[in-house]
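Okay, so the sequence shown: first residue is 2 according to the working numbering, each after it adds one. Note that CB positions come from ideal geometry on N, CA and C, so glycine has one too. Fair warning: this is a prediction, and the values are worked out from it, not measured in the lab. Down below is the structure, laid out as structure tokens.
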Amino acid sequence: MQAEQRGYEVVVVGGGVVGMSVALELDAAGTDVLLVDRDRLGGASTSRNAGGVRHQFYQDANILAALETSARLRQLVAEDGPVDYRQVGYLLLYTDDAQRDRLAEGVVRQNALGVDTRMIAPDEIAEIAPDVDLDGVLGACFGPTDGYLDPILLAAALRNRVLRSGVRVLEGTAVHRIESDGDRATGVVTAVGTIPAGTVVNCAGAWAPTLARSYGGDLPIVPRRSQVFVMADVPPLSPTMPHTFDCGSRFYVRPHQRDVWSGAAFKPILDEAPPTPGMAAEWVEAEELARRVGRRVPALAGRPFTRAWAGVIEVTPDDNPVLGWTHLANVYSAAGFSGHGICIGMGLAPSIGAEIRGGEPAIPLDIFRPQRFSDGSPAKLEGLWLQARPSRYEQWLASGPAAPQAGVTR
Ligand SMILES: Cc1cc2nc3c(=O)[nH]c(=O)nc-3n(C[C@H](O)[C@H](O)[C@H](O)COP(=O)(O)OP(=O)(O)OC[C@H]3O[C@@H](n4cnc5c(N)ncnc54)[C@H](O)[C@@H]3O)c2cc1C
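Quick look at the structure:
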């Protein structure tokens with residue numbers, strides 16, 4: 002039977018890491034589920050990110066989700082193909098006391114839940130990451146089980162898993178709107194017809210607010226442009242080189258096979274999520290970013306970035322996703338993962354799936370409820386950058402050391 006000729010218990014809109022993982026959970030529990038994507042599964046932010054996978058979060062639900070994600074990643078690798086998952090650690094370098102205090106606060110929570118992060122002094126940083134110049138560094142937070150993966154391989158492995166499962170899939174089919182009658186959704190309207198649905202799950206990432214608006218809803222998710230810059234074919238770095246964040250100058254650098262990948266915390270706010278999964282990269286920060294990378298990792302000094310891509314991160318006011326029943330009685334939203342959907346999306350999926358089926362989530366989802374922004378709850382900020390992400394280049398520029406003279410990299 003053609004997918005569009007019948008109705009489904011659940012229609013999941015959006016087949017990124019979140020939608021694919023939720024659809025798999027529902028299918029495994031016996032739900033009749035259709036996964037619809039206007040593109041290829043995994044073609045948007047899920048394959049256009051930096052691939053960082055960490056347990057270093059500040060709130061228990063996120064730490065538990067990250068633990069579940071890493072267990073599921075190991076299982077995915079065993080069953081659905083390599084994703085180049087390397088647990089070489091996350092090294093968060095701090096350059097002032099405020100950064101240290103925030104990192105140390107996270108370590109207490111992480112350790113309490115069994116994550117082996119620790120604060121380390123410069124001499125231990127030098128052992129773990131001999132390529133890193135310690136100028137201005139007071140210490141670091143190190144998470145040995147954190148690491149990175151190849152996002153394109155992850156998208157492919159998850160898609161393989163979905164195609165092997167009982168989930169029905171419609172790719173290349175945009176959902177134009179969610180149709181409703183009173184306080185209930187009745188189905189989704191697509192180019193191949195209206196598909197009746199008992200429940201609709203909005204996993205449309207940065208585009209989730211657009212889908213919500215189609216039935217009169219609203220989601221507090223803002224699209225920001227985020228970019229990854231590549232230095233190709235660099236001299237070999239130490240095999241233990243972790244995914245390294247400079248919290249003072251607000252950038253990261255990490256090896257990727259024979260290249261290194263890097264990005265700045267600078268993430269411009271867009272008026273609207275673009276109609277395509279990605280965008281052309283803008284190179285405004287490239288030169289200064291290369292300088293900061295070269296200053297922190299001298300083996301890379303003087304090297305330019307030769308390639309870059311851009312995607313959209315879907316950011317909420319507190320950097321936590323929106324999870325729960327939204328606006329209509331049978332529409333569930335799971336979006337707004339705010340730049341850490343790879344870290345926690347797969348790990349939260351079993352709890353989201355359980356809740357959609359009327360069961361109890363294994364991870365408490367209270368901090369993710371959309372009502373937190375309107376019921377006076379105190380803000381509980383997540384986020385790795387310790388301060389808000391700058392949306393203007395000048396703000397990011399001001400976070401680093403004074404720019405050196407032309408041609409001088411250190
Ligand atoms: C440059 C960059 C770097 C990042 N780095 C990291 C990182 O290091 N670690 C990390 O954890 N996270 C990172 N992220 C964030 C991470 O990629 C996202 O949080 C995650 O991919 C969100 O997954 P998702 O499934 O919610 O959204 P997406 O992967 O964007 O999936 C949404 C899907 O919905 C589909 N869709 C949208 N509208 C419709 C519609 N109307 N009808 C049908 N389908 C629709 C889209 O085609 C898309 O496939 C980064 C993101 C970017 C852009």
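Original post:
Considering only residues of the same chain and omitting the five flanking positions on each side of SER392, which have a CB-CB separation below 6 Å?
Top reply: In the sequence shown, the residue the question calls residue 392 occupies position 391. Excluding positions up to five away in sequence, the list reads PRO269 and ILE270.
Subject >> Buried versus exposed, by CB contacts within 10 Å (16 or more), ASN164 >> reply: Numbered from its first residue, the sequence shown carries residue 164 at position 163. According to the sequence shown, residue 164 is Leu rather than Asn. It counts as exposed.
**OP:** Mind checking which residues open and close the alpha helix (DSSP H) that includes ALA66?
**Re:** For this step, residue 66 is matched to residue 65 along the sequence shown. Where ALA66 is concerned, the enclosing alpha helix (DSSP H) stretches over 61 to 81.
**OP:** Give me the Cβ distance between LEU329 and ASP219, rounded to the nearest whole Å; I'm assuming they're in contact under 8 Å.
**Re:** Indexing the sequence shown from 1 puts residue 329 at position 328. Indexing the sequence shown from 1 puts residue 219 at position 218. Beta-carbon to beta-carbon, LEU329 and ASP219 are separated by about 12 Å, too far to satisfy the 8 Å threshold.
Original post:
For ILE343 versus VAL18, is the C-beta distance shorter than 8 Å?
Top reply: Sequence index remark: in the sequence shown, residue 343 carries index 342 (1-based). Sequence index remark: in the sequence shown, residue 18 carries index 17 (1-based). The Cβ-Cβ distance between ILE343 and VAL18 falls below 8 Å.
Original post:
At least one CB of chain C closer than 8 Å to the CB of ALA399: is that the case?
Top reply: In the structure shown, chain C cannot be found, because there is only a single protein chain.
Original post:
So LEU25 packs on VAL168, CB below 8 Å; how close in whole Å?
Top reply: Against the sequence shown, residue 25 aligns to sequence position 24. Against the sequence shown, residue 168 aligns to sequence position 167. With 8 Å as the limit, LEU25 and VAL168 qualify as a contact, their Cβ atoms being about 7 Å apart.
Original post:
So does LEU212 have its beta carbon nearer than 7 Å to some heavy atom of ligand 1?
Top reply: In the sequence shown, the residue the question calls residue 212 occupies position 211. Within the cutoff, so yes.
Original post:
Can you tell me whether ASN112 is buried or exposed, with buried defined as 16 or more other CB within 10 angstroms of its CB?
Top reply: As a first step, residue 112 is located in the sequence shown; it is residue number 111 there, counting from the start. Under the 10 Å beta carbon count, ASN112 is surrounded by fewer than 16 other beta carbons and is classified as exposed.
Subject >> 8 Å Cβ shell around GLY8 - same chain, five flanking residues per side excluded >> reply: The residue you call residue 8 lines up with position 7 of the sequence shown. Take GLY8, set aside five residues on each side of it, and the residues of its chain with a beta-carbon closer than 8 Å to its own are GLY188, ILE196, PRO197, ALA198 and GLY199, in chain order.
**OP:** Compute the Euclidean distance between the alpha carbons of ALA4 and ALA282, then round it to the nearest angstrom.
**Re:** Here residue 4 is taken as the residue at index 3 of the sequence shown, counted from 1. Here residue 282 is taken as the residue at index 281 of the sequence shown, counted from 1. Annotation note: pLDDT 48 at ALA4 (below 50); position unreliable, no value reported.
**OP:** Express the C-alpha separation of VAL13 and GLY20 in angstroms, rounding to a whole number.
**Re:** Here residue 20 is taken as the residue at index 19 of the sequence shown, counted from 1. Here residue 13 is taken as the residue at index 12 of the sequence shown, counted from 1. C-alpha separation (whole angstroms): 6 Å.
Subject >> Cα-Cα separation, ARG411 to GLY295 >> reply: Residue mapping note: residue 411 aligns to position 410 of the sequence shown, counting from 1. Residue mapping note: residue 295 aligns to position 294 of the sequence shown, counting from 1. Summary for ARG411: the model assigns pLDDT 26, below 50, so the residue's position carries little reliability, and this model does not support an answer.
Subject >> Own chain, CB closer than 6 Å to ARG390, minus 5 neighbours either side, in chain order >> reply: Here residue 390 refers to the residue found at position 389 of the sequence shown. Taken in chain order, the residues that qualify are ALA266 and LYS268.
Original post:
Is THR372 buried or exposed, if buried means 16 or more other CB atoms sit within 10 Å of its CB?
Top reply: Against the sequence shown, residue 372 aligns to sequence position 371. For clarity, residue 372 is Gln in the given sequence; the question names Thr instead. Exposed: under 16 other Cβ atoms inside 10 Å.
Subject >> Extent of the continuous beta strand (DSSP E) to which ASN203 belongs >> reply: Taking the sequence shown and counting its residues from 1, one reaches residue 203 at position 202. Judged by DSSP secondary structure, ASN203 falls within the beta strand (DSSP E) whose first and last residues are 194 to 203.
Original post:
Beta carbon of VAL1, beta carbon of HIS56: below 8 Å?
Top reply: There is simply no residue 1 to check, as the chain begins at 2 and stops at 411 in what is shown.
Subject >> Limits of the unbroken alpha helix (DSSP H) element including PRO305 >> reply: Taking the sequence shown and counting its residues from 1, the one referred to as residue 305 is at position 304. Run containing PRO305: none; DSSP gives neither H nor E here.
**OP:** Could you please give the first and the last residue of the uninterrupted beta strand (DSSP E) stretch that includes MET242?
**Re:** As a first step, residue 242 must be located in the sequence shown, where it is residue number 241. From DSSP, MET242 is part of no beta strand (DSSP E); its letter is neither H nor E.
**OP:** Report buried or exposed for LEU74, applying the criterion of at least 16 other Cβ atoms within 10 angstroms of its Cβ.
**Re:** Walking along the sequence shown from the start, residue 74 turns up at place 73. The residue is buried, with at least 16 neighbouring Cβ atoms inside 10 Å.
**OP:** Leaving aside the five residues before and after PRO152 along the sequence, list all residues of the same chain whose C-beta is less than 8 Å from its C-beta, in chain order.
**Re:** Walking along the sequence shown from the start, residue 152 turns up at place 151. THR47, SER48, ARG49, ASN50, ALA51, GLY52 and ILE343, listed in sequence order.
Subject >> Burial state of GLY354, where buried means 16 or more other Cβ atoms lie within 10 Å >> reply: Here residue 354 refers to the residue found at position 353 when the sequence shown is read from its first residue. Counting of Cβ neighbours within 10 angstroms places GLY354 among the buried residues, the total reaching 16 or more.
Original post:
Near ALA407, what residues of its chain come up, given a Cβ to Cβ distance below 8 Å and the 5 sequence neighbours on each side ignored?
Top reply: One-based indexing of the sequence shown puts residue 407 at position 406. Low per-residue confidence applies at ALA407: pLDDT is 38, beneath 50, and the placement is therefore not dependable, though the value from the model is reported in the following sentence. Once the five neighbours on either side are set aside, ALA407 has no close Cβ partner at all.
Original post:
What residue does the beta strand (DSSP E) around ARG185 start on, and which one ends it?
Top reply: In the sequence shown, residue 185 corresponds to position 184, counting from 1. Following the DSSP letters along the chain, one finds ARG185 inside the beta strand (DSSP E) bounded by residues 185 to 191.
Original post:
For ARG101 versus TYR95, is the C-beta spacing smaller than 8 Å?
Top reply: Numbered from 1 along the sequence shown, position 100 holds the residue referred to as residue 101. Numbered from 1 along the sequence shown, position 94 holds the residue referred to as residue 95. Their beta carbons are under 8 Å apart, which means ARG101 touches TYR95 by this criterion.
Original post:
Whole alpha helix (DSSP H) runs in the stretch 86 to 137 with 4 or more residues, listed along the chain?
Top reply: 98 to 113 and 123 to 129, all fully within the stretch 86 to 137.
Original post:
By Cβ distance below 6 Å, which residues in the same chain neighbour THR191 in space, the five residues on each side in sequence not counted?
Top reply: Taking the first residue of the sequence shown as position 1, residue 191 is located at position 190. Leaving aside the five residues that flank THR191 on each side, the residues in its chain whose CB is nearer than 6 Å to its CB run, in chain order, THR174 and VAL176.
Original post:
Rounded to whole angstroms, how far is the Cβ of THR327 from the Cβ of ALA274, which I believe are closer than 8 Å?
Top reply: Within the sequence shown, the letter at position 326 stands for residue 327. Within the sequence shown, the letter at position 273 stands for residue 274. Going by Cβ atoms, the distance from THR327 to ALA274 rounds to 18 Å, so no, they are not a contact pair.
Subject >> VAL413: CB within 7 Å of a non-hydrogen atom of ligand 1 >> reply: It is not possible to answer for residue 413, since the shown part of the chain is limited to 2 through 411.
Subject >> Beta-bridge pairing of VAL231 - partner residues as DSSP gives them >> reply: Counting from one through the sequence shown, the residue named residue 231 turns up at place 230. Beta-bridge analysis with DSSP links VAL231 to TRP262 and ARG308.
**OP:** For ILE126, I'd like the list of residues in its chain whose CB is within less than 6 Å of its CB, leaving aside the five on either flank, ordered along the chain.
**Re:** What you label residue 126 is simply residue 125 of the sequence shown in a count that begins at 1. ALA141.
Original post:
What is the C-beta distance between TYR216 and ILE179, in whole angstroms, given that I count them as a contact (C-beta under 8 Å)?
Top reply: Sequence index remark: in the sequence shown, residue 216 carries index 215 (1-based). Sequence index remark: in the sequence shown, residue 179 carries index 178 (1-based). Taking C-beta atoms under 8 Å as the contact rule, TYR216 and ILE179 qualify, at a distance of about 5 Å.
Original post:
In the DSSP assignment, what are the bridge partners of PHE252?
Top reply: As a first step, residue 252 is located in the sequence shown; it is residue number 251 there, counting from the start. For PHE252, which the question treats as bridged, DSSP gives the partners ASP247 and ALA265.
Original post:
In three-state DSSP terms, what is GLU288?
Top reply: Indexing the sequence shown from 1 puts residue 288 at position 287. Note: GLU288 maps to helix in three-state DSSP.
Original post:
Which of helix, strand or coil does DSSP assign to GLY342?
Top reply: Taking the first residue of the sequence shown as position 1, residue 342 is located at position 341. Helix.
Original post:
Which two residues bound the contiguous alpha helix (DSSP H) that contains VAL34?
Top reply: In the sequence shown, counting from the first residue as 1, residue 34 sits at position 33. Counting along the chain, no alpha helix (DSSP H) covers VAL34; the unbroken beta strand (DSSP E) around it starts and ends at 34 to 37.
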